[in-house]
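Visitor:
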Ligand SMILES: [Zn+2]
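Printed below as a string of structure tokens:
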């Protein structure tokens, strides 16, 4: 701290600026890891939250493969033996759930229907395609599945957070309560 006093005012300013920049570079970037399905699912054994992490595998061609998996945080039971699940399997589980879930549970249903209606208007206008009312339910389910697979992290989180029931992970299976 005594070094500051020896520096002139301008040098002191510069010194502080450099210090700030340097310190800025050393702030750990915790937000760089983003996972779609954390905090939305609970452990089916102990009720703890389900968290996620990533691993990188080196490929033979020199590239890397990102591998995301979800696991029980064991916050409520340090001995919890729930199995971890990789993200593709989790998405498959959630997609299957979209076939079973009561669509009225999905608060995003209205929005999804609007999206589909807009698309169907285009199909009807351009391709002369007409849709029966019954097919809309199927479309809503398919659209929800599409969001789970191809949507942004925000869209995936929004979809799941709109479910009225709680989601549980137990032995690599997702169940609703
Ligand atoms: Zn657990």
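Numbering (this note's numbering), first residue to last: 443 to 619.
Glycine is no exception: its CB is placed at the ideal position from the N, C-alpha and C atoms.
1. I'd like to check one pair, residue 535 with residue 616: are the Cβ atoms closer than 8 Å?
2. What do you get for residue 598, buried or exposed, if any count of 16 or more other CB atoms within 10 angstroms of its CB means buried?
3. When you compare only the Cα positions, how much space is there between residue 595 and residue 537?
4. Does any heavy atom of ligand 1 sit closer than 7 Å to the C-beta of residue 481?
5. If you draw a straight line from the C-alpha of residue 506 to the C-alpha of residue 532, how long is it?
6. Given the structure, does residue 608 come close to ligand 1, in the sense that its CB is under 7 Å from one of the ligand's heavy atoms?
7. So, do the stretch 519-529 and the stretch 479-488 have three or more beta carbon pairs nearer to each other than 8 Å?
8. What three-state label does DSSP hand residue 582 in the structure shown?
Guide: Put simply:
1. The count along the chain shown starts at 1 and reaches residue 616 at position 174. The count along the chain shown starts at 1 and reaches residue 535 at position 93. The answer is yes: Cβ separation under 8 Å.
2. Residue mapping note: residue 598 aligns to position 156 of the chain shown, counting from 1. The residue in question, residue 598, is buried, as its Cβ has 16 or more Cβ neighbours within 10 Å.
3. Translated into positions along the chain shown, residue 595 becomes position 153. Translated into positions along the chain shown, residue 537 becomes position 95. Across the structure, residue 595 and residue 537 are spaced so that their CA atoms are roughly 15 Å apart.
4. One-based indexing of the chain shown puts residue 481 at position 39. No, Cβ of residue 481 sits at least 7 Å from all heavy atoms of ligand 1.
5. As a working mapping, residue 506 is identified with position 64 in the chain shown. As a working mapping, residue 532 is identified with position 90 in the chain shown. Computed Cα separation, rounded: 21 Å.
6. On the chain shown, position 166 is the one that residue 608 refers to. Residue 608 Cβ: outside cutoff for every heavy atom of ligand 1.
7. Contact between the stretch 519-529 and the stretch 479-488 is present: 3 or more CB-CB pairs across the two stretches fall below 8 Å.
8. Indexing the chain shown from 1 puts residue 582 at position 140. Helix at residue 582.
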